[in-house]
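Heads up: the structure comes next, in structure tokens.
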Amino acid sequence: YVARAVASGAHDYLLKGCSRQELLDAVTGAASGKLSMRSGELRRIATTMANRISTPDPDVPLTPREMQVLRHMALGLPNKEIAKSLTISVETVKEHVQNILRKLSVNDRTQAAVWAVRRGLA
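Numbering-wise (my numbering), the sequence shown opens with residue 13 and increments by one.
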């Protein structure tokens, strides 16, 4: 869930066991535009995801941008959310998805996501 939140643009998160005060502080901070990044967990996850995105694997026939789209697909994000997260148009996402399906020789997004997960790419 945290990886999906990061891919969707989350700046912070709370564990379900957090205290009432932590919840209130987080909501108040978010409403005022403050980003706390408590304990650096989200920052570490975001950095890890960014590193995975920027480290190409020579055995994977995809461009770095296609890898980004594939990872978002593997998180179950729809094209509109992928576009927003990557700051590209929905049409561009659709083009990338079609290229990914063709290059991986798979029929649909689910098969592409499974391909990525099995190879540890998502």
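Glycine included, each C-beta is placed from N, C-alpha and C at the ideal position.
Note that the coordinates shown come from a computational prediction; the quantities given were computed from them, not determined experimentally.
Classification of residue i by the beta-carbon crowding that lies within 10 angstroms, buried from 16 upward
i, result
"Asn-119", "exposed"
"Leu-27", "exposed"
"Leu-36", "exposed"
"Val-81", "buried"
"Arg-130", "exposed"
"Arg-32", "exposed"
"Val-39", "exposed"
"Ser-51", "Summary for Ser-51: the model assigns pLDDT 49, below 50, so the residue's position carries little reliability; its value from the coordinates is reported in the next sentence. It counts as exposed."
Whole-Å CB distance - residue i paired with residue j, under 8 Å assumed
i, j, result
"Met-79", "Ala-125", "Actually they are not in contact, since the Cβ atoms of Met-79 and Ala-125 sit about 13 Å apart, beyond 8 Å."
"Val-72", "Leu-133", "7 Å"
"Val-102", "Asn-91", "5 Å"
DSSP three-state assignment for residue i, whether helix, strand or coil
i, result
"Asp-120", "coil"
"Leu-27", "coil"
"Ser-135", "Shown here, the chain extends from 13 to 134; a query on residue 135 therefore has no answer."
"Gly-41", "helix"
"Ala-95", "helix"
"Lys-106", "helix"
"Pro-76", "helix"
Given residue i as reference, the closest of the options once Cα atoms are compared
i, options, result
"Leu-116", "Lys-106, Leu-27, Trp-127", "Trp-127"
"Ala-42", "Lys-28, Gly-29, Ala-22, Ser-97", "Ala-22"
"Gln-123", "Arg-32, Leu-87, Lys-46, Gln-33", "Leu-87"
"Arg-77", "Lys-46, Lys-92, Val-109", "Val-109"
"Leu-74", "Asp-24, Thr-99, Tyr-25, Glu-107", "Glu-107"
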